[in-house]
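2 protein chains.
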Amino acid sequence: MKKVAIGVDIGGTNTAIGVVDQEGNVLVKNNIETPSHGDIDHYISDLASAIKEQIKSVKILNEEVEILGIGIGAPNGNYYNGTIEYAPNLSFQGVIHLVKLLRNHFPDMAALALTNDANAAAIGEMIYGGAKGMQNFVMFTLGTGVGSGLVVNGDLVYGSDGFAGECGHTTLVPGGRPCGCSALGHLEAYCSAPGMKRTAFELMAHYNANDSLLADKSYKELDSKMIYDAAVKGDKIALEVFEKTGAWLGQGLADTVHHLSPEAIFLFGGPTAAGDYIFKPTKENMEKHLLPIFKDKIPILPSKLKAGDAAIVGASALVWKELDKK
Amino acid sequence: MKKVAIGVDIGGTNTAIGVVDQEGNVLVKNNIETPSHGDIDHYISDLASAIKEQIKSVKILNEEVEILGIGIGAPNGNYYNGTIEYAPNLSFQGVIHLVKLLRNHFPDMAALALTNDANAAAIGEMIYGGAKGMQNFVMFTLGTGVGSGLVVNGDLVYGSDGFAGECGHTTLVPGGRPCGCSALGHLEAYCSAPGMKRTAFELMAHYNANDSLLADKSYKELDSKMIYDAAVKGDKIALEVFEKTGAWLGQGLADTVHHLSPEAIFLFGGPTAAGDYIFKPTKENMEKHLLPIFKDKIPILPSKLKAGDAAIVGASALVWKELDKK
Chain D
1 MKKVAIGVDI GGTNTAIGVV DQEGNVLVKN NIETPSHGDI DHYISDLASA IKEQIKSVKI
61 LNEEVEILGI GIGAPNGNYY NGTIEYAPNL SFQGVIHLVK LLRNHFPDMA ALALTNDANA
121 AAIGEMIYGG AKGMQNFVMF TLGTGVGSGL VVNGDLVYGS DGFAGECGHT TLVPGGRPCG
181 CSALGHLEAY CSAPGMKRTA FELMAHYNAN DSLLADKSYK ELDSKMIYDA AVKGDKIALE
241 VFEKTGAWLG QGLADTVHHL SPEAIFLFGG PTAAGDYIFK PTKENMEKHL LPIFKDKIPI
301 LPSKLKAGDA AIVGASALVW KELDKK
Chain X
1 MKKVAIGVDI GGTNTAIGVV DQEGNVLVKN NIETPSHGDI DHYISDLASA IKEQIKSVKI
61 LNEEVEILGI GIGAPNGNYY NGTIEYAPNL SFQGVIHLVK LLRNHFPDMA ALALTNDANA
121 AAIGEMIYGG AKGMQNFVMF TLGTGVGSGL VVNGDLVYGS DGFAGECGHT TLVPGGRPCG
181 CSALGHLEAY CSAPGMKRTA FELMAHYNAN DSLLADKSYK ELDSKMIYDA AVKGDKIALE
241 VFEKTGAWLG QGLADTVHHL SPEAIFLFGG PTAAGDYIFK PTKENMEKHL LPIFKDKIPI
301 LPSKLKAGDA AIVGASALVW KELDKK
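Residue numbers (my numbering), protein chains in the order written: chain D, 1 to 326; chain X, 1 to 326.
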């Protein structure tokens with residue numbers, strides 16, 4: 001009997017569904033639209049059908065498969081309540097009791113749990129990735145925003161209300177750049193992919209850098225991959241973007257170390273593909289901010305989750321974690 | 001049979017020893033010198049004698065007393081190892097195996113544990129104080145330095161090495177004031193009692209404030225109590241010191257909320273005696289930095305531990321916490 005878990009990743013436009021084995025391999029997967037109509041009952045019915053289809057598909061591959069549960073990663077996902085609450089990028093309004101609604105379609109499923117996408121990534125790292133066997137670590141996911149998942153004594157930190165681990169919204173620069181959440185100077189405004197773009201444009205303006213390889217891109221056009229490509233070619237602006245992003249991220253990670261003293265920090269997401277361009281200044285600057293007792297002992301590591309499947313795989317990991325608690 | 005615990009608070013110049021009942025009342029207490037000679041064996045022998053004397057004293061008061069353990073709060077105390085490690089304000093060098101050394105004198109004591117002073121205060125708040133029944137809260141201790149104790153799922157956060165919860169060393173101002181630890185811009189450099197003094201002198205210099213009530217004090221003389229007294233009399237500099245200290249502390253507490261989403265935040269220590277002068281700007285400024293999901297739901301409360309006995313009481317609470325784990 002091969003044991004598997006279903007991972008569901010609810011994004012702003014797409015919902016990805018996959019069946020994952022205990023080693024983190026995606027056996028089958030599919031996508032459905034995350035609708036913009038805002039009708040949750042309609043969506044749940046579509047989602048349940050899509051999940052059932054994936055179960056059929058995996059049973060064609062292997063008749064002896066045992067489905068142990070469904071793990072869901074979603075923006076503003078609340079583990080305690082099984083809810084998605086006021087997610088700004090989804091069409092469903094207010095508080096959505098997703099786990100309860102989905103439970104009606106899967107009454108016998110052993111585990112059915114939901115958390116936010118960054119927490120799911122952290123659990124994925126713990127179950128399948130580089131954090132296997134670690135009891136205390138943190139994961140930062142760098143993308144359109146910056147998410148984080150914090151693990152203390154082997155468990156995700158959910159806090160008093162299920163929303164803990166929002167390290168992307170710690171303040172790096174008092175009175176600094178407006179964040180998407182409307183507060184000033186948050187980490188996300190500096191260390192996300194759009195944050196790097198903002199830094200590039202600030203630097204071009206500062207140096208009046210008409211000769212930069214980035215100078216022929218519009219604000220709308222530029223992305224973090226272009227900044228990386230320019231850095232590889234030795235473009236000074238692009239190189240300084242990475243230096244500054246690393247300085248900010250290092251400052252933020254040091255704050256997290258002073259809170260939790262983790263064994264390691266994992267970074268995940270598009271900007272981390274730049275490797276040493278981002279890891280080196282981040283590490284150097286984190287060290288500058290640390291108390292002596294923490295210096296030179298906390299590695300900053302790239303996530304071992306495969307980029308394409310990480311969201312599904314992370315969500316599925318929630319199932320093993322749940323069953324582990326029983 | 002009345003059950004009691006012994007609390008030991010090791011400070012830079014004094015070691016306080018007290019016997020505490022399950023309601024947090026100090027039944028008997030005493031002080032010995034924390035020596036400057038650096039001879040740990042000598043000190044342990046003195047400490048063991050002093051503890052035995054307190055046990056005798058409490059048995060004179062009540063023959064039926066049962067001593068359940070010894071809890072110790074110490075600077076750079078490491079709960080995992082029972083050690084004091086490289087404490088800058090103690091004469092003992094390197095790593096001191098305090099619990100092991102003391103165990104030789106108390107082989108039959110049910111619980112014998114050590115942690116740092118801020119963690120001890122947090123456990124004290126949880127066992128005897130305002131955090132009774134809370135599973136997720138944080139405590140900041142404001143004094144010569146700024147310490148913190150973080151509680152997640154009902155347990156102190158010790159991290160991978162026993163040193164977690166050093167929120168006094170998160171960065172508030174990039175490139176800001178030198179902290180005692182030599183890094184720049186840490187919270188402790190702004191929100192400790194000496195931090196408030198630094199702010200007062202910066203403001204007097206900025207405004208050339210010869211008319212301030214604080215203007216006749218030397219740098220060495222001024223303390224946070226004098227700033228409070230001047231604020232009560234309406235002194236503009238003193239009032240602005242509280243506004244600015246609250247702004248900085250609020251920023252730091254918001255970072256902690258984004259990490260842990262606590263049910264409440266407790267403040268302890270000298271500067272908190274100023275009441276609304278410090279609590280009001282702290283709360284207002286914390287709110288400014290928070291994500292909407294955290295706004296208006298996390299109270300900032302004064303510690304309910306009695307100022308004079310808090311260190312002993314906090315240390316003793318470690319005993320109940322230990323026995324609870326068994």
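Each residue gets a CB set at the ideal place from its N, CA and C atoms; glycine is no exception.
Among the options, nearest to residue i - alpha-carbon criterion
i	options	result
D/Gly246	D/Ala231, D/Lys283, D/Leu213, D/Gly234	D/Lys283
D/Gly185	D/Ile67, D/Gly133, D/Cys167	D/Cys167
X/Ile123	X/Lys220, X/Ala315, X/Asp324	X/Ala315
X/Pro271	X/Gly18, X/Ala74, X/Leu142, X/Thr83	X/Leu142
X/Gly24	X/Ala5, X/Phe140, X/Asp255	X/Ala5
X/Asp276	X/His105, X/Ala264, X/Val232	X/Val232
D/Met134	D/Ile298, D/Lys100, D/Ala48, D/Asn116	D/Ile298
D/Gly147	D/His42, D/Tyr128, D/Phe268, D/Val19	D/Phe268
X/Tyr207	X/Lys220, X/Tyr228, X/Lys236, X/His258	X/Lys236
X/Tyr80	X/Asn104, X/Cys181, X/Asn119	X/Asn119
D/Arg198	D/Tyr219, D/Asn136, D/Ile293	D/Tyr219
X/Lys244	X/Ile17, X/Ile312, X/Tyr190	X/Tyr190
X/His42	X/Phe201, X/Asp229, X/Ala131, X/Leu98	X/Leu98
X/Gln22	X/Lys132, X/Ala238, X/Lys100, X/Thr83	X/Lys132
X/Leu102	X/Ile84, X/Tyr128, X/Glu240	X/Ile84
X/Arg177	X/Ile96, X/Glu202, X/Asn78	X/Glu202
D/Tyr128	D/Val313, D/Glu322, D/Asp324, D/Leu323	D/Val313
D/Phe392	D/Ala230, D/Val257, D/Val19	Only positions 1 to 326 of chain D appear in this structure, which leaves residue 392 of chain D out of reach.
X/Pro262	X/Asp39, X/Phe137, X/Lys321	X/Phe137
D/Thr15	D/Asn78, D/Asn62, D/Asp117	D/Asp117
D/Gly149	D/Thr171, D/Glu66, D/Gly234, D/Thr115	D/Thr115
X/Ala264	D/Asp161, D/Lys52, D/Lys217	D/Asp161
X/Gly18	X/Lys217, X/Gly38, X/Glu53	X/Glu53
X/Asp229	X/Thr171, X/Ser45, X/Ala274, X/Thr144	X/Ala274
Interface partners of residue i on chain X, CB under 8 Å
i	result
D/Gln251	Thr171, Pro174
D/Thr256	His259
Chain X residues whose Cβ lies nearer than 9 Å to that of residue i
i	result
D/Phe92	Within chain X, no residue comes near D/Phe92; the closest Cβ sits about 16 Å away, beyond 9 Å.
D/Val157	Asn136, Val152, Asn153, Val157, His259, Leu260, Ser261
D/Pro194	Simply none; closest approach about 17 Å.
D/Glu166	Val257, His258, His259, Ser261, Leu291, Ile293, Phe294
Beta-carbon contacts of residue i that lie in its chain and below 8 Å, excluding the five residues immediately before and after
i	result
X/Pro174	Leu184, Gly185
X/Gly250	Pro281, Thr282, Lys283, Glu284, Asn285, Met286, Glu287, Lys288, His289
X/His169	Cys179, Cys181, Ala183, His186, Leu187, Glu188
X/Leu323	Leu68, Gly69, Ala110, Ala111
D/Ala209	Leu203, Ala215, Lys236, Ile237
D/Ala121	Gly73, Met139, Thr141, Gly147, Gly149, Phe268, Ser303, Leu305, Ala310, Ala311, Gly314
D/Leu291	His258
Cβ-based neighbour list, residue i, same chain, cut-off 6 Å, excluding 5 preceding and 5 following
i	result
X/Ser57	Val28
X/Ala87	Pro75, Asn76
D/Asp309	Val26
D/Lys164	At residue 164 of chain D the sequence reads Ala, which differs from the Lys that was named. Correct list, in chain order: Val157, Tyr158.
X/Ile40	Phe92, Ile96
Whole-angstrom C-beta distance between residue j and residue i, which should lie under 8 Å
i	j	result
D/Gly252	D/Leu301	D/Gly252 to D/Leu301, Cβ: 16 Å. No contact.
D/Ser303	D/Phe266	5 Å
D/Ile70	D/Phe92	With a Cβ gap of about 18 Å, D/Ile70 and D/Phe92 do not count as contacting.
X/Met204	X/Leu214	7 Å
X/Glu64	X/Lys2	6 Å
X/Ala50	X/Asn30	6 Å
Residues that residue i contacts on chain D, provided the C-beta gap is smaller than 7 Å
i	result
X/His289	Thr171, Ala183
X/Asp161	Ser261
X/Cys191	The premise fails here: X/Cys191 is roughly 14 Å from chain D at the closest Cβ pair, so nothing lies under 7 Å.
Chain D contact residues for residue i, given Cβ-Cβ distances below 9 Å
i	result
X/Glu23	The contacting residues do not exist; X/Glu23 stays about 26 Å from chain D at best.
Cutoff 7 Å; reference residue i; Cβ partners in own chain excluding five residues on either side
i	result
X/Phe279	Ile300
X/Asn62	Lys2
X/Leu222	Lys197, Ala200, Leu214
D/Lys295	Glu287
X/Gly38	Ser91, Phe92, Gln93
D/Glu240	Leu203
X/Ala254	Met286, His289, Leu290
For this session: Decide yes or no for the touch test of the segment 104 to 116 of chain X against the segment 187 to 196 of chain X: beta carbon pairs closer than 8 Å, at least 3 of them.
Result: No, the segment 104 to 116 of chain X is not in contact with the segment 187 to 196 of chain X.
Exercise. Is there contact here, the segment 33 to 40 of chain X with the segment 6 to 16 of chain X, by at least three beta-carbon pairs under 8 Å?
Worked result: At 8 Å Cβ cutoff, the stretches touch.
Problem set entry | Residues, ordered as in the chain, of the segment 288 to 319 of chain D that lie near chain B by beta-carbon distance below 9 Å | Here chain B cannot be found, since the structure's protein chains are D and X.
Exercise. Counting Cβ pairs closer than 8 Å, one from the segment 146 to 164 of chain X and one from the segment 139 to 158 of chain D, do we hit at least three?
Worked result: The segment 146 to 164 of chain X vs the segment 139 to 158 of chain D: in contact.
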